[in-house]
Ligand SMILES: Cc1ncc(COP(=O)(O)O)c(C=O)c1O
């Protein structure tokens with residue numbers, strides 16, 4: 001993902017010690033900015049890892065081997081979350097949804113009714129593999145209505161900062177995101193917002209943890225410190241990126257993403273490229289696109305990289321061979337989308353000529 005020039009220059013600030021007062025001030029300010037993006041007054045932790053590290057940390061801090069965890073699966077990243085649970089000896093109960101479809105509240109309710117003693121419910125807000133966004137506000141409300149003790153866990157890696165998430169208003173207990181997508185910072189940091197209910201739950205969970213022990217990390221964070229040596233320049237970059245998002249105005253950012261999403265939807269139709277998602281559930285931050293029959297995704301993307309110096313993301317899992325993805329979040333503008341769409345059009349002509 002491209003970086004804003006101000007983010008880039010923040011990365012080249014002279015190095016400072018992570019035990020200095022200057023770092024403490026910058027780190028504390030970054031956490032406060034992140035709380036505004038999550039729209040929560042509760043604790044936000046910043047971990048030195050990508051989004052997957054955060055998902056794993058949620059499992060090791062908040063789950064125990066015999067827990068009943070219901071997870072909605074509608075794409076690659078839901079499957080990854082389920083795999084992490086399995087690695088820790090937790091057999092999740094899945095709500096299986098065809099790839100390309102959103103998570104629907106009725107399906108979640110049906111499964112939770114069968115498992116009234118479920119400890120946690122996990123959902124990916126924006127399935128980056130299929131470009132599908134689910135209405136988690138409606139879903140989390142229903143989940144808590146059925147089971148007020150259940151922990152609601154949301155993977156918002158490709159939606160936080162790019163769509164209108166309201167952590168507290170939507171009853172989310174743990175929400176995980178990472179620096180490199182809509183938050184338009186370099187890769188390497190994960191952010192989590194944690195509710196009071198989740199902290200309480202942590203008192204009785206039993207999986208081993210150290211590097212990502214939320215309680216230790218919170219304790220250090222309380223005095224502007226990190227538990228371990230952090231990637232200091234990335235924290236500089238994240239702080240600058242969050243400031244830029246808030247300066248632009250979160251609603252303006254969301255609007256810009258939706259305008260770009262709609263530009264993609266309009267442009268692909270005459271090319272014979274199809275959206276994997278149904279339009280109603282098309283993600284504001286990423287589009288997964290299916291090429292016309294007979295065009296290989298690998299060849300198409302290689303051709304574009306070689307001849308137009310543009311990198312397209314591959315399709316994931318079963319979408320690998322005939323799909324590709326375009327991000328319209330972070331430091332991307334409508335001009336970038338116009339350029340990308342014109343490249344797609346020309347490249348399709350090249351490869352089908
Ligand atoms: C929805 C979602 N969850 C999890 C991840 C994994 O995050 P990371 O690659 O930062 O480890 C991604 C990455 O693309 C994602 O899009």
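Residue numbers (my numbering): 1 to 353. Every residue, glycine too, gets a C-beta built ideally from N, C-alpha and C. These figures come from a predicted structure and were not determined experimentally.
Partner residues in a beta bridge of residue 80, as assigned by DSSP, do not exist. Set against 6 Å, the gap from the CB of residue 76 to the closest heavy atom of ligand 1 is not smaller.
Exclusion of the five residues before and after residue 204 leaves 64 as the residues of its chain whose Cβ lies within less than 8 Å of its Cβ.
If you check the C-beta of residue 50 against ligand 1, you find a heavy atom less than 6 Å away. Within 6 Å of the C-beta of residue 83 there is not a single heavy atom belonging to ligand 1. Fully contained in the stretch 163 to 210 are the following alpha helix (DSSP H) runs of length 4 or more, in chain order: 196 to 202.
At a cut-off of 6 Å, the beta-carbon of residue 259 does not count as near ligand 1: no heavy atom of the ligand is closer than that. Judged by their CB atoms, residue 48 and residue 230 are nearer to each other than the 7 Å cut-off. Residue 163 has its Cβ no nearer than 6 Å to any heavy atom of ligand 1. For residue 267, the enclosing alpha helix (DSSP H) begins and ends at 250 to 268.
The beta carbon of residue 180 sits closer than 7 Å to the beta carbons of 1, 186, 187 from its chain, once the five residues preceding and following it are set aside; these are given in chain order.
The beta carbon of residue 178 sits closer than 6 Å to the beta carbons of 50, 51, 157, 190 from its chain, once the five residues preceding and following it are set aside; these are given in chain order. Here residue 213 carries a coil assignment [DSSP, helix/strand/coil].
When the Cα atoms are used, residue 56 and residue 349 turn out to be separated by approximately 44 Å.
Here residue 119 is not near residue 83, since their CB atoms are 7 Å or more apart. When the Cα atoms are used, residue 12 and residue 240 turn out to be separated by approximately 12 Å. Note: residue 314 is bridge-paired with 324 in the DSSP secondary-structure output.
Per DSSP, the unbroken beta strand (DSSP E) holding residue 154 starts and ends at 151 to 155. Here the distance from the Cβ of residue 155 to the nearest heavy atom of ligand 1 is below 6 Å. Annotation for residue 35: 41, 44 place their beta carbon closer than 7 Å to its own, counting only its chain and skipping 5 residues before and after.
For residue 288, the enclosing beta strand (DSSP E) has its first and last residue at 286 to 290. Between residue 319 and the set 261, 100, 89, 59, the nearest pair of CA atoms involves 100.
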